[in-house]
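Heads up: the sequence shown begins at 1 in the UniProt record's numbering, then just goes up one per residue. Notes follow once the structure below has been shown.
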Amino acid sequence: MSAYFGDKGIIHGTTVGYTPEQNGAAERLNRTLLEKTRAMLAESGLPQKLWGEAMATANRLRNISPIVGVKVTPYEAFTGTKPDVGYLRTFGCAAYAHVPKEKRNKLQPVSRKGVLVGYESGKQYRILFGNVIGVHSAVKFDETAVGGSSEVSDDESEEDPEEA
1 MSAYFGDKGI
11 IHGTTVGYTP
21 EQNGAAERLN
31 RTLLEKTRAM
41 LAESGLPQKL
51 WGEAMATANR
61 LRNISPIVGV
71 KVTPYEAFTG
81 TKPDVGYLRT
91 FGCAAYAHVP
101 KEKRNKLQPV
111 SRKGVLVGYE
121 SGKQYRILFG
131 NVIGVHSAVK
141 FDETAVGGSS
151 EVSDDESEED
161 PEEA
């Protein structure tokens with residue numbers, strides 16, 4: 001590793017163990033993300049076991065939000081384009097994922113109710129159905145219905161409507 005750093009002109013420094021104050025910028029970011037995650041879970045009524053989904057969503061929101069003292073968002077600094085925020089929905093709101101015709105018969109519902117727990121690449125949404133998370137692009141949301149704890153199941157046999 002030292003040879004690689006030397007070749008690239010990188011000065012490698014480490015911190016003393018158990019002294020997070022030596023790495024203040026990273027620790028502050030971690031704190032910010034944790035605070036957002038905690039607030040999102042509390043507001044949505046979703047269980048703590050979904051902390052990873054909430055943290056990933058908090059990080060996405062941070063990357064497309066303006067930062068104090070900087071004229072561009074992190075996303076804009078990285079890509080050179082302004083982020084599209086039109087697809088954002090309330091974390092934990094009711095989500096109705098379209099069930100394709102091939103996955104249902106004529107009498108079955110055309111959508112399945114779940115809970116929004118995050119985003120995938122592009123404008124795809126991560127929807128929780130019981131204990132299974134599916135990725136969907138054809139989704140309608142009810143942002144007045146937040147508090148998805150009743151939608152979270154302990155039944156491991158739940159299926160994603162795309163997979164059913």
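Idealized CB from N, CA, C, for every residue including glycine.
Determine the DSSP secondary structure at Ala54, reduced to helix, strand or coil. DSSP places Ala54 in helix when its eight states are reduced to three.
Measuring only the C-alpha atoms, how far is Thr19 from Arg31? Each residue's Cα considered, the two are about 15 Å apart.
Kindly indicate which residue of Asn59, Gly80 and Pro100 has the alpha-carbon position closest to the one of Ala138. Per the Cα distances, Pro100.
Determine the extent of the beta strand (DSSP E) in which residue 167 is found, giving its start and end residues. A query on residue 167 cannot be resolved here, the shown segment of the chain reaching from 1 to 164 and no further.
Would you decide whether Ser44 is buried or exposed? Buried here means 16 or more other CB atoms lie within 10 Å of its CB. The residue is buried, with at least 16 neighbouring Cβ atoms inside 10 Å.
Sheet register partners of Leu29 (DSSP bridge): DSSP, once it has assigned bridges, lists no residue as partnering Leu29.
In terms of DSSP beta bridges, what is Ser111 paired with? Note: Ser111 sits in a beta bridge opposite His98.
Helix, strand or coil, according to DSSP, for Leu116 in the structure here? Looking at Leu116 - three-state DSSP - the assignment turns out to be strand.
Nearest-angstrom Cα separation, counted from Lys123 out to Arg62: Roughly 17 Å between the two C-alpha positions.
Helix, strand or coil: which one does DSSP assign to Asp154? Because the pLDDT of Asp154 is 47, which lies under 50, any placement of that residue in the model is unreliable, and the number read from its coordinates should be weighed accordingly. Look at Asp154 here: in three-state DSSP terms it is coil, with no helix or strand label.
So does the segment 11-25 actually touch the segment 51-71, counting three or more Cβ pairs closer than 8 Å? As far as the Cβ criterion goes, the segment 11-25 does not touch the segment 51-71, which means the pair count is below three.
Assuming contact is defined by CB atoms lying nearer than 7 Å, are Ala95 and Leu116 in contact in what I supplied? Yes, the pair counts as a contact, with Cβ atoms nearer than the cut-off.
Under a Cβ-count criterion, where at least 16 other Cβ atoms within 10 Å of its own Cβ denotes burial, should Met55 be classed as buried or exposed? Around the beta carbon of Met55, 16 or more other beta carbons lie within 10 angstroms, which makes this residue buried.
Would you please state the rounded distance, in angstroms, between the beta carbons of Leu50 and Leu41? I believe it to be under 8 Å. That pair is a contact at about 7 Å.
Start and end of the alpha helix (DSSP H) containing Tyr4? First-last of the alpha helix (DSSP H) with Tyr4: Ser2 to Lys8.
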